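In our numbering, the protein residues as written are 209 to 665.
A virtual CB, placed ideally from N, CA and C, is assigned to each residue, including glycine.
These numbers were taken from a predicted model, which means no experiment stands behind them.
Comments concern the structure below.
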Amino acid sequence: MASPSLRDAVGGLDRDPFVSLLGKLIGESRRLQNDPPALVPQEDLVAQHVVDALLPVSTETGGGPLVVRKVSYAEGRSNVIVEYPGTVPGRAISFVGMHMDVVPANPDEWDFDPFSLTFDSEDKDKLRGRGTTDCLGHVALVAQLMRRLGEVKPVLKHSVIAVFIANEENSLITGIGVDGLVKDGLLDKLKNGPLFWIDTADKQPCIGTGGVITWHLKAIGKLFHSGLAHKAINAMELNMEALKEIQTMFYNDFPPHEKEKLYKFATPSTIKPTKWSYPGGGLNQIPGECTISGDIRLTPFYSTTSVVKKLQEYVHDINENIEKLPTRGPVSKYVLPDENLRGRLIINSPLLTIDLARLEITIDEDIMNGVACNLESRGFQALCKATEEIVGHVEPYSITGSLPLIRELQDEGFDVQTAGYGLLKTYHAKNEYCLFSDMAQGFQVFLSIISQLEADV
């Protein structure tokens, strides 16, 4: 059990101040949408609400022990670091990842206003609005944890540190969120204990995430009249057959990994198309160009660098042997010898261009690596015990959804564990909501973690 003294002193999550703060945060969410260049969030709006909630128990006002600091790397886009000082140097417990931006929401597609906190008339436990699950609900939750520590002032050997971050939902702009804080050494002391990344869902430890590589496969054929198909190279047929070949080679090279069962991944690594485009034309025209786009979701036991190299090899091999691709019908072909024409494949993206004869291959620059949490970590053990104690059961899980930044933290030497208390079924979804009862359990999990780690010292 968690320390009765800490649990009794701090108590449970007080609904009124939590809902009051969350209401202010959701009220800002229209200006927190992150989809540049059209939508650039102003996280400073949330940061100021967090600071205002904590200042009464801060060293700045003299009302308490909390050390509160705003850090900005771009105008209007702040991070907030809050520390409850412990008595033993070199000991820290941190809660990080509560981001102050949100994904876009279209009010016309929602059953309620996404940009204000509302309540279900039949279920007061349900708190509705963009960011309730991801991740403004966690911002309000951890802010309340820090506020209560500042009010109660328990004697702790560990420093408890909360880091509220900017710019999690989009990677086009870098260096202004947790990556900037790490670069400047502002989180170095967090290496002195487990770092809990609070941005997942369903109240269970998330022990693994997937990497992501986005790609664009462009086929160049020969546009011609559909009644004279023998004089055309059908770019759509070429692209479909090529993608099938690429998928086959990918699954041969990156099959299900034996560690995926240990980490309880729901799916292995996958490559699949998600978008199709072409320049347009009439129904009586065989297209001379089209692009299939998609992504690769990669479990953390494979290297994204190796995958990119293999993609280059796949497309190069297909272009060199394009006559061997299966065709579709008696006049379908990818080479017109009389015209000295060959179909060709191009993979396009903004990052790099490599000219390999008939192929240009590029990969989108926002590659993410997956992460496998350390299952031997004291932080993982404490999280599991706290979850079982408070939630009633513990079932760690992994997904090939991607969390930005945490692999980089792990590579920098941080003991990263992940958890969250929103609902996975409403993550990035229309009609997003969370449950107050789940957040209240998260509050108790945090207290249990602190108490367990305090007992170790």
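- In the structure shown, Val624 falls within a strand segment according to DSSP collapsed to helix, strand and coil.
- Only residues of its own chain outside the window of five on either side were considered, and among them Trp405, Ile406, Asp407 have a CB closer than 6 Å to the CB of Gly305, listed in chain order.
- Glu251 counts as buried, since at least 16 other C-beta atoms from the protein chains shown sit within 10 angstroms of its C-beta.
- Contact between Ile373 and Gly383 is ruled out by a C-beta separation of about 12 Å, above the 8 Å threshold.
- It is roughly 37 Å from the alpha-carbon of Phe462 to the alpha-carbon of Gly650.
- Using a 10 angstroms sphere on the CB of Leu398, the tally of other CB atoms reaches 16 or more, which defines it as buried.
- Uninterrupted alpha helix (DSSP H) stretches at least 4 residues long and entirely within the segment 601-645 occur at 614-619, given in chain order.
- Taking 9 Å as the cut-off, the beta carbon of Ile500 is found closer than this to the beta carbon of Leu425.
- Here Ala427 is actually not in contact with Cys343; their C-beta atoms are around 40 Å apart, not less than 8 Å.
- The straight-line gap separating the alpha-carbon atoms of Glu584 and Pro495 is approximately 55 Å.
- Contact between Leu221 and Val347 does not hold, since their C-beta atoms are separated by about 14 Å, which reaches or exceeds 8 Å.
- Just so you know, the alpha carbons of Thr326 and Leu335 end up roughly 6 Å apart.
- If the five residues before and after Ala437 are omitted, its C-beta is found closer than 7 Å to the C-beta atoms of Ile494, Val539, all from its own chain and listed in chain order.
- For Asp525, the enclosing alpha helix (DSSP H) has its first and last residue at 512-528.
- Across the structure, Leu353 and Pro402 are spaced so that their CA atoms are roughly 17 Å apart.
- By the Cβ neighbour-count rule, Val296 is exposed, with fewer than 16 other Cβ atoms within 10 Å of its own.
- Looking at Ala246, Asp546, Phe473, Lys332, the one whose alpha-carbon comes closest to that of Cys414 is Phe473.
- The continuous alpha helix (DSSP H) containing Val254 extends over residues 252-262.
- DSSP lists Gly502 as the bridge partner or partners of Pro481.
- Taken atom to atom, the span from the alpha-carbon of Lys361 to that of Val290 is near 15 Å.
- Taken through DSSP and simplified to helix, strand or coil, Asn378 comes out as coil.
- If you look at Met306, you'll find it in the beta strand (DSSP E) that goes 300-307.
- In the DSSP assignment, Cys592 falls within the alpha helix (DSSP H) that extends over 586-599.
- The Cβ atoms of Val276 and Leu262 lie closer than 9 Å to each other.
- By the neighbour-count criterion, in which a residue is buried when 16 or more other Cβ atoms sit within 10 angstroms of its Cβ, Gly600 is exposed.
- Across the set Val516, Val254, Lys593, Gly551, the C-alpha of Val516 shows the shortest separation from the C-alpha of Trp423.
- Between the segment 228-248 and the segment 309-322 there are three or more C-beta pairs closer than 8 Å, enough to call the two in contact.
- In this structure, DSSP gives Ser367 an extended state, which the three-state scheme calls strand.
- Between the C-alpha atoms of Glu531 and Lys541 there is a straight-line separation of about 8 Å.
- The Cβ atoms of Gly272 and His366 lie no closer than 9 Å to each other.
- Ranked by Cα distance from Asp503, the options Gly621, Gly609, Glu620 are led by Gly609.
- Distance from the CA of Ser645 to the CA of Phe509, rounded to the nearest whole angstrom, comes to 36 Å.
- Exposure of His433 is indicated by the presence of fewer than 16 other C-beta atoms within 10 angstroms of its C-beta.
- Looking at Phe654, Lys430, Val363, the one whose alpha-carbon comes closest to that of Leu591 is Phe654.
- In the DSSP assignment, Tyr459 falls within the alpha helix (DSSP H) that extends over 443-461.
- For Leu221, there is no enclosing beta strand (DSSP E), since its DSSP letter is neither H nor E.
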